[in-house]
Structure formats: structure tokens, C-alpha cells
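*Asks:* Before I ask anything, here is the structure I am working with.
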Ligand SMILES: [Zn+2]
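In the numbering used here, the protein residues as written are -9 to 280.
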């Protein structure tokens, strides 16, 4: 590029950045494509200076397209300019991660990409915290702590008050289950359904040691209540007897939780009652201790 022309454009880019001339963004974007690395570098810098004043998406997209500029110093200015856009530059996070992790990149670019990542991620987090979330039960606004806790436990948004109520309801459900244990199995164990009695009798007749409904543990806010635990096999058997939709949803979530926790679960359904003995023998054989 002609020296004089180059000087003209670099001076212009610096001037736009200094004056905060928002209407000149298209001009700067055009400069980003010029053959002179100095023009590209100073234009990127000027776009960074205009952050907060103009159409952020247009600016961020233009800067992002410069992250593979062949000249490392242009890249450095582009990275710095992106940081200035904070949460608006969230779409550049992956590209920045790539640069930070790439050994071929210049050391200073990797370091600056790392800084930009931290800065933009923090801005995104702050923006998320300022987002208003409403309780799905009573519609009051919830603060970020409540939001995080209820999403983790229930995958739904609850305020603290509703969180406690929902939690209590679940616990009462488990207490109710406890009160329903009225059927006596051969081993003398009191169970709560015909299906559970069949399982208890099978285990008793085959001299398999078991504990019934011993612990109620919470995994991620869900009450996990294994109907049967077989210590020799380290296996849980759960009888899914109730046929309501709510129960089925809980059932799938629970099965997933067992998987995540790396626990072995044999689920038994009402349809299995007819060939329970064959089915359990077959499944337990797989988990048999050596
Ligand atoms: Zn609420």
C-alpha cells in the first residue's frame, strides 16, 4: 500500500476512534479489509473505542471475522477491541478459547485471549444475574441464589418460600408411602404393594439378603427411595407400581439419577409380575458376585 494513502487511512481511523463518531462504523469495517496491517490494526482499535456507543452486533461480527488475520498484531488489537464489548461479545467466546489454547499463536495473543475470555464471561454472568427470573408457582421475582438452587434441585424456578413448600410436599409423599406399608411378605417384612411382596418373597425363597426401603436419600433434590437393596450384589430393585403420569416422570428422572451415580438398578413393572422369578434370576445372574 502506498505510504501516503496508508497514513491517510490510519489517521482517519484514529480520528474516528477519538471523536466517537458512531456513523463511521461502516467506514472502519471497510478499513479492516485493507492490505495495510497498520490500517487494519488501528481500525480494530477504533471499533473497540466505539464500544457502548453503536450497533454492537455489527461491530462484534466485523471484529470476529478478523480473528484469523494473518498478522498477529492485528489479531492482538482485535482481541482487545472484543473485550471492550463485554457481554455483547459472547459469540466470540469459542474463537477466543481456540486462540488461548493454540500453541501456534503468539504468546501475547494467547495471554490476551485468556484475559478477554475471563472478562467477557464475567460480563455474561453479570448480565444473567440481572435477568429477572420469576417463580413458576407464585410469579414473584427470584434472586440469582434462589434461581440457581431451585434449578439444580427441581429443574424449575421457585422462590425460597415455594421451594420449601414443594420440598415438604415431596417429603410428605414419602411419609405417606411409609404409612401404606401394610402387606406382609413371607420374611415378615411389611411392604406396600402386591408387586413388592412378590419381590420380597422371591428374595427370601432364594436366600438373598436384602434391605427394604431402608434409606430415603436426596439426590439433586429428588427423594430416592430404593425399594430393595441387595448388599451381596450391590444392586437396587425398585418396583414401579403406580401408573400416574406424574409418577412416571419421577420414575424416568430417578432412573437417570441412578445411572449418573453409577448405581445398578433393576426396575420391575406390573407386567413383570407373571414371570418375576425368571426375570430376576436372569438379571441378578449378570450382577452375581464372583
Ligand atoms: Zn414462589
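All C-beta atoms in this analysis are idealised placements derived from N, C-alpha and C, irrespective of residue type, glycine included. Small disclaimer: the values here were computed from a predicted structure and weren't measured.
(1) Can you tell me which of the three DSSP states residue 132 falls into?
(2) Using the DSSP secondary-structure output, state which residues sit across from residue 174 in a beta bridge.
(3) Less than 8 Å between the CB atoms is what I'm expecting for residue 26 and residue 7, so what's the real figure, rounded?
(4) Compute the distance between the beta-carbons of residue 53 and residue 32, then report whether it is under 7 Å.
(5) Measuring alpha carbon to alpha carbon, tell me which of 136, 246, 76 and 194 ends up nearest residue 126.
(6) Determine which residues share a DSSP beta bridge with residue 256 and list them.
(7) Does the beta-carbon of residue 139, which I'm using as the reference point, lie nearer than 6 Å to any heavy atom of ligand 1?
(8) Can you have a look at residue 278 and say buried or exposed, based on whether 16 or more other CB atoms are within 10 angstroms of its CB?
(9) Helix, strand or coil, according to DSSP, for residue 235 in the structure here?
(10) Go through the segment 103 to 159 residue by residue and report every complete run of the alpha helix (DSSP H) that reaches 4 residues or more, in order.
(11) In the DSSP assignment, what residue or residues form a beta bridge with residue 201?
(12) Express the C-alpha separation of residue 257 and residue 269 in angstroms, rounding to a whole number.
(13) Taking residue 226 as the reference, give the member of 273, 184, 263 and 67 with the closest Cα.
(14) Just checking, does the segment 111 to 129 make contact with the segment 73 to 80 on the three C-beta pairs under 8 Å criterion?
(15) Drop a sphere of 10 angstroms on the beta-carbon of residue 201, count the other beta-carbons inside from all chains shown, and report buried for 16 or more, exposed for fewer.
*Replies:* Taking the structure as given:
(1) strand
(2) 180
(3) With 8 Å as the limit, residue 26 and residue 7 do not qualify as a contact, their Cβ atoms being about 17 Å apart.
(4) no
(5) 136
(6) 227
(7) no
(8) exposed
(9) Confidence is the limiting factor: at residue 235 the pLDDT is only 40, short of 50, which leaves the residue's position unreliable and the question unanswerable from this model.
(10) 134 to 144
(11) 219
(12) 11 Å
(13) 273
(14) yes
(15) exposed
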